[in-house]
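To get the numbering used here, take the position in the sequence shown, counting from 1, and add 38. Beneath this line is the structure, given in structure tokens, with notes to follow.
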Amino acid sequence: KEVLRVSKSTGKGAVDIAKAFQIVGSAQPELLSSAAALGSVTEAAVLLSKAGNIDVPEAANSLALAMNQFVASALEAASYTDILATSQQKGTATIPQLSESLKNVGSVARASGLSFETTNAALQGLAKGGLVGAEAGTKLRTILLRLAKTGRDDLNPATQKFSDILGVLKKEVGTVTDAQKLFGEEAAAAALTLINQKQVIEDLDGALNVNGAALEQ
Numbered sequence: 039k040e041v042l043r044v045s046k047s048t049g050k051g052a053v054d055i056a057k058a059f060q061i062v063g064s065a066q067p068e069l070l071s072s073a074a075a076l077g078s079v080t081e082a083a084v085l086l087s088k089a090g091n092i093d094v095p096e097a098a099n100s101l102a103l104a105m106n107q108f109v110a111s112a113l114e115a116a117s118y119t120d121i122l123a124t125s126q127q128k129g130t131a132t133i134p135q136l137s138e139s140l141k142n143v144g145s146v147a148r149a150s151g152l153s154f155e156t157t158n159a160a161l162q163g164l165a166k167g168g169l170v171g172a173e174a175g176t177k178l179r180t181i182l183l184r185l186a187k188t189g190r191d192d193l194n195p196a197t198q199k200f201s202d203i204l205g206v207l208k209k210e211v212g213t214v215t216d217a218q219k220l221f222g223e224e225a226a227a228a229a230l231t232l233i234n235q236k237q238v239i240e241d242l243d244g245a246l247n248v249n250g251a252a253l254e255q
């Protein structure tokens with residue numbers, strides 16, 4: 039009954055909705071005890087599919103993955119959808135590209151103290167500098183792990199704004215050699231990109247959770 043209700047409310051075929059239910063339920067088994075919760079997350083996924091111009095199962099998978107990585111509840115599904123939609127609208131990376139990035143960095147970002155919104159802002163900073171998709175996620179993950187290894191409070195995303203951390207790095211990392219010493223050869227260029235795109239990240243962080251953005255798009 040819930041599949042048919044969501045199909046009717048979203049205008050999507052029942053087969054696609056049933057697939058989305060299966061994906062969301064598999065990713066978040068706790069939702070299987072509540073048809074309403076499963077339906078609300080799936081409705082958010084349908085909205086995401088329309089905003090991102092991707093099919094419903096892909097959107098359901100992307101949304102469920104992001105929510106799992108950041109330990110979000112079904113009540114936050116709409117907020118996550120709006121953040122992704124606004125991120126696409128105001129940034130450079132598209133929803134599919136952001137989803138690919140999040141696969142590689144989401145869990146580490148949360149463990150490092152970054153919110154879903156801040157992680158999106160950082161990924162958009164990398165996208166502005168030409169790094170998108172899985173590569174962007176991998177590089178950001180390496181950067182966060184390297185920051186953790188410093189043990190410095192002023193470089194700790196759990197206690198400092200990410201844009202403030204980039205401000206500190208801007209003063210200390212002025213050359214490729216400096217970046218290589220701190221972040222390694224593989225992530226040095228990405229770190230410099232983040233530093234150079236500090237203003238973009240600062241502008242986006244705190245401006246992505248726009249209620250109704252996905253529906254508007």
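The C-beta atom is built at its ideal place from N, Cα and C for all residues, glycine as well. Predicted model only: the values in this text are computed from it and were never measured.
### Task
May I have the straight-line CA-CA distance separating residue 219 from residue 206, to the nearest angstrom?
16 Å
### Message
Please report the distance separating the alpha-carbon of residue 139 from that of residue 72.
### Response
Between residue 139 and residue 72, the C-alpha separation is close to 30 Å.
### Query
Between residue 164 and residue 231, which are expected to be in contact by the criterion C-beta below 8 Å, what is the C-beta distance as a whole number of angstroms?
6 Å between Cβ atoms; contact.
### Message
Among the candidates 121, 51, 61 and 243, whose CA atom is the shortest distance from the CA of residue 95?
### Response
61
### Query
What are the start and end residues of the alpha helix (DSSP H) that includes residue 184?
171 to 188
### Query
Less than 8 Å separating the beta-carbons of residue 233 and residue 248?
no
### Message
Going by beta-carbon coordinates alone, are residue 78 and residue 112 separated by less than 8 Å?
### Response
A contact, by the Cβ cut-off of 8 Å.
### Task
Look at the Cβ atom of residue 161, then the Cβ atom of residue 174, and state whether they are nearer than 8 Å.
yes
### Task
Please look up how many angstroms separate the CB atoms of residue 239 and residue 159, rounded, as I've assumed it's under 8 Å.
5 Å
#### Entry: Buried or exposed (CB count within 10 angstroms, at least 16 for buried), residue 169
It counts as buried.
### Query
Taking buried to mean at least 16 other C-beta atoms within 10 Å of its own C-beta, is residue 192 buried or exposed?
With fewer than 16 Cβ atoms within 10 Å of its Cβ, residue 192 is classed as exposed.
### Message
Quick check: the Cα distance between residue 244 and residue 45, rounded to an integer number of angstroms?
### Response
33 Å
### Query
With DSSP run on the structure shown, which of helix, strand or coil describes residue 245?
Coil.
### Message
Can you give me the C-alpha to C-alpha distance between residue 125 and residue 250, rounded to a whole angstrom?
### Response
13 Å
#### Entry: Beta-carbon proximity of residue 98 to residue 119, cut-off 8 Å
no
### Query
How about residue 116 and residue 141: are their beta carbons less than 8 Å apart?
Contact: no.
### C-alpha gap between residue 204 and residue 223, whole angstroms
19 Å
### Query
Run through DSSP, which three-state label would residue 152 get?
coil
### Message
Please state whether the Cβ-Cβ distance between residue 133 and residue 167 is less than 8 Å.
### Response
no
### Query
Rounded to a whole number of angstroms, what is the C-alpha to C-alpha distance between residue 74 and residue 85?
Residue 74 and residue 85: Cα-Cα distance of roughly 17 Å.
### Task
Starting from the Cα of residue 76, find the closest Cα among 157, 114, 225 and 49 and give me that residue.
114
### Message
In this structure, how does DSSP classify residue 61 when only helix, strand and coil are distinguished?
### Response
Three-state result, residue 61: helix.
### Query
Is it true that the CB of residue 144 sits closer than 8 Å to the CB of residue 198?
no
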